[in-house]
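Visitor:
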Amino acid sequence: MRTNKMGLLSLFLIGAGMIQSCKQKEQKQLKDEPPVVTVATINSSETEQSVSYSGSIVPDNTTTVSFAVPGTINSVGVNEGQRVSKGQFLASIDATEYEAALQIANANLDQSEDAFRRFDELYKKGSFPEKDYIDIKTKVAQAQANKKINRKRIADSRLHSPSNGIITVKTAEVGGMAAPGVPAFTIVKTDMVYAQFSVPESEIGNFRQGMLVNVNIPTLQRNFTGKITIINPVADDVSKAFTLKVRLDNPGGVLMPGMITEVLAGVPVKIKQVRVPLTAIVNNVDKIPNVYVVDKNGSARLTRVTVGKIAGDEVIITNGLEENQTIILAGQSNVKDGQKVKTETASVTPSAPKSE
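Numbering (numbering that gives the first Met the number 0), first residue to last: 0 to 355.
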């Protein structure tokens, strides 16, 4: 009787062990099974929007003004920030040496011309050697050229503004030395200015020369209308954006270089957008938005994205996702970065609307 009981106990223990082993195998199989997630393929589409572009006011022309002759500056007639008109006096250098040189040149010219008059008659009569006559004529020409040079040096000792504008840089000071090519003033022409802004490659086709656009100046709380006159045909090497300029008349001088602008396209422009359901966004511990992208091997890859505006239950993705990628819409809580997943296709594919 005791032997039977021991046998039954052994059978019970063996059975219990087999059951426990089966349960562990089932749990391991469940653990190794890829999590099931709901996915969708990204499709981007064009939407028409009125878009604004940040830019700044730039001058029509910037001129660096310098003296053409060396000397000591003895007078400065303008200050930095002052508005000047074309031909206005800016500064002068001491021209004493040039004036003395002009007097000498005048005396030499008078002497040469007097000699020429006296020997000209003799030469015409054949009583004066041709070689000496040519030497006298040469001296007259040299004296005339020397006079012109010194007269120009005296004129160049006074500096005048080449255009209407504003003095933005003044390096000329009384007592300082002036030299050819050394900047004395910088003048920006502001009676006409440009609103300069950049447009990405994907949107440059929406613009053309002559297009009317609105330019808002937040500092002045005013709007201006101008035409796009310059479209640089070469994109920036780094940003791959194209530079555009809007011409703005500025007779009152209220638009100053460096002012921030907001250029508003006069007509809606076509922009590609990608929208995904809000449920696809996964924020990491730093609150940075990410999306799980399923690669061609069936693994989930946590991908950082840049989000834009929220539209209903969707959010616009401005950077990080590409067309035809597969993203996880639901089931991310059971997924780890790089883990294999089992996918189920969603009934709705995220995309951008045709118009807005």
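Every residue gets a Cβ at the ideal spot worked out from N, C-alpha and C, and that includes glycine.
What you are looking at is a predicted structure, and each value in this text was computed from that prediction instead of being measured.
(1) How is the beta strand (DSSP E) around Gln-195 delimited, first residue to last?
(2) Quick one, are the C-beta atoms of Ile-92 and Gly-70 less than 7 Å apart?
(3) So, at 6 Å on beta carbons, what are the nonlocal neighbours of Asn-215 in its own chain, with the 5 sequence-adjacent residues on each side left out?
(4) Quick check on Asp-119: does DSSP put it in helix, strand or coil?
(5) So who's on the other strand from Phe-88, going by DSSP bridges?
(6) List the residues that DSSP assigns as beta-bridge partners of Pro-34.
(7) Any idea what DSSP makes of Leu-254, helix, strand or coil?
(8) So for Arg-246, helix, strand or coil by DSSP?
(9) Would Val-237 and Val-36 be called neighbours here (beta carbons separated by less than 7 Å)?
(10) Is it right to say Ile-229 is buried, meaning 16 or more other beta carbons lie within 10 angstroms of its own, or is it exposed?
(11) Provide the residue span of the beta strand (DSSP E) that contains Asp-59, from first to last.
(12) Assuming Pro-288 is part of the beta strand (DSSP E), what are its boundary residues?
(13) Would you check if there are 3 or more beta carbon pairs closer than 8 Å linking the region 249-257 to the region 304-313?
(14) Pull up the CB-CB distance for Gly-337 and Ala-194, whole angstroms please, since I reckon it's below 8 Å.
(15) What did DSSP end up calling Glu-322 once you bin it into helix, strand or coil?
(16) What residues are listed by DSSP as bridge partners for Leu-211?
(17) Looking only at C-alpha atoms, which of Gly-86, Ser-74 and Ile-309 sits nearest to Ser-162?
(18) How big is the Cα-Cα spacing for Phe-118 and Lys-147?
Guide: Walking through what the data contain:
(1) For the purposes of this step, residue 195 is taken as the residue at position 196 of the sequence shown. 182-199 is the span of the beta strand (DSSP E), which, as asked, contains Gln-195.
(2) In the sequence shown, residue 92 corresponds to position 93, counting from 1. In the sequence shown, residue 70 corresponds to position 71, counting from 1. It is a contact, given that the beta carbons lie within the stated cut-off.
(3) By 1-based counting over the sequence shown, the position of residue 215 is 216. Cβ neighbours of Asn-215 within its own chain (closer than 6 Å, five residues either side excluded): Asn-222 and Glu-261.
(4) The residue you call residue 119 lines up with position 120 of the sequence shown. Three-state DSSP puts Asp-119 in a helix.
(5) By one-based count along the sequence shown, residue 88 stands at place 89. Listed as beta-bridge partners of Phe-88 by DSSP are His-159.
(6) Residue mapping note: residue 34 aligns to position 35 of the sequence shown, counting from 1. Paired residue(s): none; Pro-34 is not in a bridge.
(7) Position 255 of the sequence shown, counting from 1, holds the residue named residue 254. If DSSP states are grouped into helix, strand and coil, Leu-254 belongs with coil.
(8) Along the sequence shown, read from residue 1 onward, the residue named residue 246 stands at position 247. If DSSP states are grouped into helix, strand and coil, Arg-246 belongs with the strands.
(9) Taking the sequence shown and counting its residues from 1, one reaches residue 237 at position 238. Taking the sequence shown and counting its residues from 1, one reaches residue 36 at position 37. Cβ atoms of Val-237 and Val-36: not closer than 7 Å.
(10) Residue numbering aside, residue 229 sits at position 230 when the sequence shown is read from its first letter. Ile-229 should be labelled exposed.
(11) In the sequence shown, the residue the question calls residue 59 occupies position 60. Segment 51-65, the beta strand (DSSP E) holding Asp-59.
(12) By 1-based counting over the sequence shown, the position of residue 288 is 289. Where Pro-288 is concerned, the enclosing beta strand (DSSP E) stretches over 288-293.
(13) The answer is no - the region 304-313 does not touch the region 249-257, with fewer than three Cβ pairs under 8 Å.
(14) In the sequence shown, residue 337 corresponds to position 338, counting from 1. In the sequence shown, residue 194 corresponds to position 195, counting from 1. Contact doesn't hold; Cβ gap of about 48 Å is too wide.
(15) Residue mapping note: residue 322 aligns to position 323 of the sequence shown, counting from 1. In the structure shown, Glu-322 sits in coil (DSSP, three-state: anything other than H, G, I, E or B).
(16) By 1-based counting over the sequence shown, the position of residue 211 is 212. Lys-226, per the DSSP bridge assignment.
(17) Mapped onto the sequence shown, residue 162 falls at position 163. Ranking the options by Cα distance to Ser-162, first place goes to Gly-86.
(18) For the purposes of this step, residue 118 is taken as residue 119 along the sequence shown, with counting starting at 1. For the purposes of this step, residue 147 is taken as residue 148 along the sequence shown, with counting starting at 1. Rounded to the nearest whole angstrom, the CA to CA distance from Phe-118 to Lys-147 is 25 Å.
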